[in-house]
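Step one of this worksheet: look at the structure below.
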Amino acid sequence: MHEHHLTAPADLAVIGADDIPTARLNIPPLTTICFDLHEVVRRRTEAILASLAGSEPRIAPAWINPQVIQRSST
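Positions 2 to 75 (this note's numbering) are the ones given, in order, by the sequence shown.
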(Lines of atoms letter the chains of each structure in order from A and count residues from 1; the text may use other names and numbers.)
(Lines give C-alpha, C1' and ligand atoms only; values in the text may rest on other atoms or scores of the structure.)
Protein backbone atom coordinates (compact mmCIF):
# COMPACT_ATOMS: atom_id res chain seq x y z
CA MET A 1 0.00 0.00 0.00
CA HIS A 2 2.69 2.44 1.04
CA GLU A 3 4.73 1.85 -2.12
CA HIS A 4 1.65 2.47 -4.29
CA HIS A 5 0.67 5.62 -2.40
CA LEU A 6 -2.54 4.07 -1.10
CA THR A 7 -3.89 4.90 2.33
CA ALA A 8 -5.81 2.84 4.83
CA PRO A 9 -8.67 2.74 5.31
CA ALA A 10 -9.54 5.25 2.56
CA ASP A 11 -8.24 3.12 -0.33
CA LEU A 12 -7.93 -0.30 1.25
CA ALA A 13 -8.81 -1.76 4.66
CA VAL A 14 -6.61 -4.53 6.04
CA ILE A 15 -6.94 -6.70 9.14
CA GLY A 16 -4.59 -9.35 10.49
CA ALA A 17 -4.89 -12.23 12.93
CA ASP A 18 -3.06 -13.20 16.12
CA ASP A 19 -1.57 -9.72 16.78
CA ILE A 20 2.00 -10.55 15.85
CA PRO A 21 4.55 -8.12 17.36
CA THR A 22 5.30 -6.43 14.03
CA ALA A 23 1.61 -5.56 13.39
CA ARG A 24 2.01 -2.24 15.21
CA LEU A 25 5.21 -1.45 13.26
CA ASN A 26 3.65 -1.63 9.77
CA ILE A 27 2.82 1.49 7.80
CA PRO A 28 0.00 1.95 8.65
CA PRO A 29 -0.15 -0.03 11.92
CA LEU A 30 -2.23 -3.19 11.29
CA THR A 31 -5.62 -3.70 12.92
CA THR A 32 -5.70 -7.28 14.13
CA ILE A 33 -7.69 -9.90 15.95
CA CYS A 34 -6.05 -11.23 19.10
CA PHE A 35 -6.87 -14.54 20.77
CA ASP A 36 -5.11 -17.09 22.94
CA LEU A 37 -3.68 -19.41 20.30
CA HIS A 38 -2.25 -21.80 22.91
CA GLU A 39 -5.71 -22.23 24.45
CA VAL A 40 -7.25 -22.84 21.02
CA VAL A 41 -4.66 -25.54 20.28
CA ARG A 42 -5.10 -27.13 23.73
CA ARG A 43 -8.88 -27.35 23.40
CA ARG A 44 -8.73 -28.63 19.83
CA THR A 45 -6.27 -31.30 20.93
CA GLU A 46 -8.65 -32.35 23.71
CA ALA A 47 -11.48 -32.56 21.17
CA ILE A 48 -9.42 -34.73 18.81
CA LEU A 49 -8.38 -37.05 21.62
CA ALA A 50 -12.01 -37.31 22.80
CA SER A 51 -13.14 -38.19 19.27
CA LEU A 52 -10.43 -40.83 18.94
CA ALA A 53 -11.56 -42.31 22.26
CA GLY A 54 -15.17 -42.46 21.02
CA SER A 55 -16.42 -39.59 23.19
CA GLU A 56 -18.31 -36.48 22.11
CA PRO A 57 -15.90 -33.51 21.91
CA ARG A 58 -16.85 -30.47 24.00
CA ILE A 59 -16.18 -27.43 21.81
CA ALA A 60 -18.01 -24.13 22.05
CA PRO A 61 -17.10 -21.17 19.81
CA ALA A 62 -17.43 -18.61 22.64
CA TRP A 63 -14.31 -19.83 24.48
CA ILE A 64 -11.97 -18.36 21.87
CA ASN A 65 -12.87 -14.85 23.11
CA PRO A 66 -11.35 -12.90 20.19
CA GLN A 67 -10.60 -9.22 20.64
CA VAL A 68 -10.16 -6.62 17.92
CA ILE A 69 -7.12 -4.40 18.39
CA GLN A 70 -7.95 -1.45 16.20
CA ARG A 71 -5.10 0.42 14.64
CA SER A 72 -4.82 2.59 11.53
CA SER A 73 -5.35 -0.03 8.80
CA THR A 74 -9.15 -0.11 9.13
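Glycine included, C-beta positions come from ideal geometry on N, C-alpha and C.
The beta strand (DSSP E) that contains residue i, what's its start and end?
i	result
I34	T32 to C35
State buried or exposed for residue i, treating a residue as buried only when at least 16 other CB atoms are found within 10 Å of its CB.
i	result
S52	exposed
S74	buried
R43	exposed
What is the DSSP secondary structure of residue i, counted as helix, strand or coil?
i	result
V15	coil
I70	strand
I21	coil
I28	coil
In the DSSP assignment, the alpha helix (DSSP H) including residue i goes from what residue to what residue?
i	result
I49	L38 to L53
What number of angstroms, rounded off, separates the C-alpha of residue i from the C-alpha of residue j?
i	j	result
R25	A18	12 angstroms
So, residue i versus residue j, is the Cβ gap smaller than 7 angstroms?
i	j	result
D20	T33	yes
I70	C35	yes
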